[in-house]
Amino acid sequence: MTQTQTRRGGGYLERPAPSGLADVIEVILDKGIVIDAYVRVSLVGIELLTIDARIVIASVDTYLRFAEATNRLDLYEKGGKDLGEFIGDMQEGGAAKKTSGAVKGVKKAITGGGDDEERRPARKTSTRRRRTEEA
Amino acid sequence: MTTTTSTEQQHDLDPERGCYVYGVVAFGDDLVPAGMAGLEKAPVRLVRHEDIAAVVSDIALERAPGRAADLLAHSEVLDAMAGLTAVVPVHFGSVLADDAMVVEDVLAPGYDDFVHLLEELEGRLQLNLRATYVQETVLAEVVAADPEVAALRQRTRDLPEDAAYGERVRLGELVSRAMELKREDDAAVLMDAVTPYVAAWSERGGAGGLDHVIDVALLVDTVNLTAVEEHLEGLAEAVHERIRLRLVGPVAPYDFVGGAGWA
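Protein chains in written order, with the numbering used here: chain G, 78 to 212; chain P, 10 to 272.
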């Protein structure tokens, strides 16, 4: 068992390889002190547009995306079983209680209340996100 | 060798060569590892001013615009230096005419600020933490919690894209607001779980995606690095059904030197 496996073997925390271009761009772009440079190495030509960059989306567009995402959910196809498991405690009480219930669930999980022993690798979302954020 | 301590040379501007600046460190004689290479694989060296120094390498000015390899080299040099000593990262792509200009335009006028920043960053590294929703799970929560959302979804889901525009917008608006409330709550819970372990943190201000929860830079004492990573692994496991955590780093403290952000 190597050091690396010990550190990164947990499975739930994604630890991307530090040399990935997308992550490097995320980390360094527009960061660092700005000096009055003589010339600047231009960023033109870098495959920036293919990167999972930050995209600020305006309201109606955003709403349509949420609607689309919601309608893509396979709630019924899954038979509603997963849904019930995830949100059982949210279905009791009013709206305010629902919110705090969800938060409490996270809090409980964070403080070690979660006892899910099943280990499965975190699924990646990047492809889906990129597709969702396009246009 | 890889270090240059003299500041009195190269006053004749070479129209074809410039001095690429990576960052600023407290000067040390053998600080730059032998063989460390930067952009264009040029040797990395120091340009000293009093007890601070700029980490630089020579670069051709007549060259193709920035390439992916340039970004990687910039970050590799800075991250490697950050593993050795405190470093103030300089914005990617900053080139000065020569060593003298590095001293006159950067190190000398910024001396007090650099010394102060270097003290603050001493023994610390940056981790970037991003939390995103497991979209299916959280959207399912929203649908189940709000009968109007469920009804709108039921009415619009099997219609063609361009039909029921108003209802789609209404559906998205409701979902968006519900997600925003969740996001505020969940971000607060996550940050409460993280901040006791870090020396400082800074919102990175990007990632406006539908599944965005938080995107923060954490400044961590190097001696606590392993403990923080283990804590975050535990946190990731605890919240994994609803939220994914992604950790990049340790990297140089790019977000803790007052540079311009995405705003």
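Virtual Cβ for every residue (Gly too), placed ideally from N, Cα, C. Small disclaimer: the values here were computed from a predicted structure and weren't measured.
Alpha-carbon to alpha-carbon, residue j and residue i
i                     : j                     : result
residue 124 (chain G) : residue 77 (chain P)  : For residue 124 (chain G), the predicted structure reports a pLDDT of 40, less than 50, and the residue's modelled location is therefore unreliable. The matter cannot be settled from this model.
residue 103 (chain P) : residue 257 (chain P) : 24 Å
residue 176 (chain P) : residue 161 (chain P) : 7 Å
residue 121 (chain P) : residue 247 (chain P) : 44 Å
residue 135 (chain G) : residue 46 (chain P)  : Unreliable positioning characterises residue 135 (chain G) in this predicted model, as indicated by a pLDDT of 44, which lies under 50. The coordinate reading is nonetheless provided below. The straight-line gap from Cα to Cα measures roughly 43 Å.
residue 225 (chain P) : residue 152 (chain P) : 29 Å
residue 236 (chain P) : residue 110 (chain P) : 42 Å
residue 85 (chain P)  : residue 104 (chain G) : 11 Å
residue 48 (chain P)  : residue 106 (chain G) : 16 Å
residue 114 (chain P) : residue 62 (chain P)  : 13 Å
residue 81 (chain P)  : residue 169 (chain P) : 45 Å
residue 109 (chain G) : residue 101 (chain P) : 7 Å
residue 204 (chain P) : residue 26 (chain P)  : 45 Å
residue 117 (chain P) : residue 254 (chain P) : 41 Å
residue 185 (chain G) : residue 202 (chain P) : Bear in mind that the predicted position of residue 185 (chain G) carries a pLDDT of just 46, short of 50, making it too unreliable to give a figure here.
residue 147 (chain P) : residue 65 (chain P)  : 47 Å
residue 245 (chain P) : residue 233 (chain P) : 18 Å
residue 186 (chain P) : residue 149 (chain P) : 14 Å
residue 29 (chain P)  : residue 53 (chain P)  : 10 Å
residue 243 (chain P) : residue 251 (chain P) : 14 Å
residue 142 (chain G) : residue 97 (chain G)  : 28 Å
residue 189 (chain P) : residue 154 (chain P) : 14 Å
residue 89 (chain P)  : residue 83 (chain P)  : 10 Å
residue 167 (chain P) : residue 146 (chain G) : 13 Å
residue 148 (chain G) : residue 174 (chain P) : 13 Å
residue 119 (chain P) : residue 36 (chain P)  : 15 Å
residue 8 (chain P)   : residue 112 (chain P) : The structure shown does not extend to residue 8 (chain P), since chain P is modelled only from 10 through 272, so no value can be given for it.
residue 144 (chain G) : residue 111 (chain G) : 41 Å
Cβ neighbours of residue i in the same chain (closer than 7 Å, five flanking residues each side left out)
i                     : result
residue 40 (chain P)  : 34, 55, 93 and 94
residue 87 (chain P)  : 31, 32, 96, 98 and 261
residue 124 (chain P) : 61
residue 71 (chain P)  : 25
Cβ neighbour criterion (16 or more within 10 Å) applied to residue i
i                     : result
residue 259 (chain P) : buried
residue 156 (chain P) : exposed
residue 58 (chain P)  : buried
residue 263 (chain P) : buried
residue 43 (chain P)  : exposed
residue 231 (chain P) : exposed
residue 113 (chain G) : exposed
residue 172 (chain P) : exposed
residue 24 (chain P)  : exposed
residue 238 (chain P) : buried
residue 213 (chain P) : buried
residue 79 (chain P)  : buried
residue 132 (chain P) : exposed
8 Å contact criterion, which residue i and residue j should meet: CB distance rounded
i                     : j                     : result
residue 240 (chain P) : residue 89 (chain G)  : Not confirmed; about 12 Å, so no contact.
residue 207 (chain P) : residue 229 (chain P) : 5 Å
residue 180 (chain P) : residue 165 (chain P) : 6 Å
residue 266 (chain P) : residue 105 (chain P) : Residue 266 (chain P) to residue 105 (chain P), Cβ: 18 Å. No contact.
residue 134 (chain P) : residue 91 (chain P)  : 6 Å
residue 227 (chain P) : residue 130 (chain P) : No, residue 227 (chain P) and residue 130 (chain P) are not in contact; Cβ-Cβ is about 13 Å, not under 8 Å.
residue 140 (chain G) : residue 178 (chain P) : 5 Å
residue 67 (chain P)  : residue 51 (chain P)  : 5 Å
Closer than 7 Å at the beta carbon, the chain P residues around residue i
i                     : result
residue 114 (chain G) : 103, 104 and 105
Own chain residues within Cβ distance below 6 Å of residue i, not counting five before or after
i                     : result
residue 220 (chain P) : 141, 142 and 144
residue 195 (chain P) : 222
residue 100 (chain G) : 93
residue 156 (chain G) : Because the pLDDT at residue 156 (chain G) is just 39, under 50, the model does not fix this residue reliably, and the value given afterwards should be weighed accordingly. Once the five neighbours on either side are set aside, residue 156 (chain G) has no close Cβ partner at all.
residue 164 (chain G) : In this prediction, residue 164 (chain G) has a pLDDT of 32, which is less than 50 and means its spatial position is unreliable; what the coordinates show is noted afterwards. Answer for residue 164 (chain G): no residue qualifies.
Contact set between residue i and chain G, taken where Cβ atoms lie within less than 7 Å
i                     : result
residue 84 (chain P)  : 101, 104 and 105
residue 182 (chain P) : 140
residue 264 (chain P) : 108
residue 148 (chain P) : 146, 147 and 150
residue 157 (chain P) : What residue 157 (chain P) touches in chain G: nothing, since even the nearest Cβ is about 11 Å away.
residue 211 (chain P) : The contacting residues do not exist; residue 211 (chain P) stays about 10 Å from chain G at best.
Neighbour list for residue i in chain G, Cβ cutoff strictly below 9 Å
i                     : result
residue 110 (chain P) : 115
residue 98 (chain P)  : 105, 108, 109 and 110
residue 162 (chain P) : 144, 147, 148, 150 and 152
residue 137 (chain P) : 100, 103 and 104
Under 8 Å from the C-beta of residue i: neighbouring residues of chain G
i                     : result
residue 67 (chain P)  : Within chain G, no residue comes near residue 67 (chain P); the closest Cβ sits about 13 Å away, beyond 8 Å.
residue 267 (chain P) : 110
residue 165 (chain P) : 144 and 148
residue 192 (chain P) : Going along chain G, no residue has its Cβ under 8 Å from residue 192 (chain P), so there is no contact; the nearest lies around 11 Å.
Contact set for residue i: own chain, Cβ-Cβ below 8 Å, skip 5 residues either direction
i                     : result
residue 200 (chain P) : 210, 223 and 225
residue 218 (chain P) : 141
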